[in-house]
Amino acid sequence: MRILYLLPVFIIYCLSATAQTVTYDEKVLEQKLDSILREGELLYKYERAAWSSTDYANSNEFVKKYYSGYFVYQDGKKIKGIIFDENTEDCVAEYVFGKNFDAPEEVIVDRRRLTQEEKKLIKTRTAILQQLSDPKYKLTVPDGFSLNIILIPGDVQYKLYIITGTSRSDVIPFGNDYLFVANENGEIEEWSKFHSRLIPIETVGPNGETVIMPVHSHLKTTPLVTATDICTFRLYAPFHNMQEFMVYSTAMGKYLKYNLKKNKITITDK
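Position 170, counted from 1, in the sequence shown is what our numbering calls 172; the numbers after and before it change by one each time, with no gaps.
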């Protein structure tokens, strides 16, 4: 079996012998990478719980009958997936996740009223999403892909991440990812787009090679690997028996390698 380390061709356009590079104090860089790892892990837990919750919901005839929407939130040390009805008043199923996100550790299929906290989360998510039709955000949905929404509440602000998803079995959909930060009323106060476009990394090479470590490049505006990169890789890597991916930072002139098993980022020249 031939093995391929996948290097996207557009990297060559980003290299320059005279380009200025960004440097970080070692302690500052370590803190930044630790923060990215924590955020990436949290995003993964939210989105993996969403995948599992909706799969379970669609396999239950009672839940399917009333299923209008879903959302995921953290309750203490647990992550909960909630399926709600068309009136956004009742929860019809609740899936509770602890350490294993492939399957819930508790399933509650029973109609109950949504709590005030749950209603607030749904209302805030809806308020943020309604603003995204503004052309200034340039939100796009590439053909054959979908957008996945992850809302993470804070003390006074909400972070709404958008990552791209796919049902294709031969692609890892890096890129086309956004972060919107909103106030307690759901009004967007700042936003960013991490990658300039979708980067659909093929998991099989042009001659049938097995890709074992995908690589993509970041513009100088995104010097480090992102939490969305880590979340996306953790979601799709198990389907392709991958353990690592790399990002070439044009700002730093270095590669950042993420290892799934160690959940660690290392920096290397190649």
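Glycine included, C-beta positions come from ideal geometry on N, C-alpha and C.
Within the same chain, and ignoring the five residues on either side of T205 in sequence, the residues whose Cβ sits closer than 7 Å to its Cβ are D172, V173, I174, V213, H242. Assignment of P155 by DSSP, reduced to helix, strand and coil, places it in the strand class. Inclusion of P225 and V24 in the CB contact set at 8 Å is warranted, their separation being smaller than that value.
Taking 8 Å as the cut-off, the beta carbon of G177 is found closer than this to the beta carbon of I201. For the pair of segments examined, the region 152 to 161 was found to touch the region 126 to 139: the number of CB pairs separated by less than 8 Å reaches three.
If you ignore the 5 residues before and after I269, its C-beta comes within less than 6 Å of the C-beta of K256, L258, all in its own chain and listed in chain order.
Boundaries around N261 are those of the beta strand (DSSP E), 256 to 261, since no alpha helix (DSSP H) includes it. One alpha carbon belongs to N60, the other to K67, and they sit about 9 Å apart. The count of Cβ pairs closer than 8 Å, one atom from the region 137 to 148 and one from the region 104 to 124, stays below three, leaving the stretches out of contact. Residue burial is scored here from C-beta neighbours: D145 has fewer than 16 other C-beta atoms within 10 angstroms and is therefore classed as exposed. Shortest Cα-Cα distance from K264 to any of Y250, E43, Y26, Q33 involves E43.
When DSSP states are grouped into helix, strand and coil, F73 belongs to the strand group.
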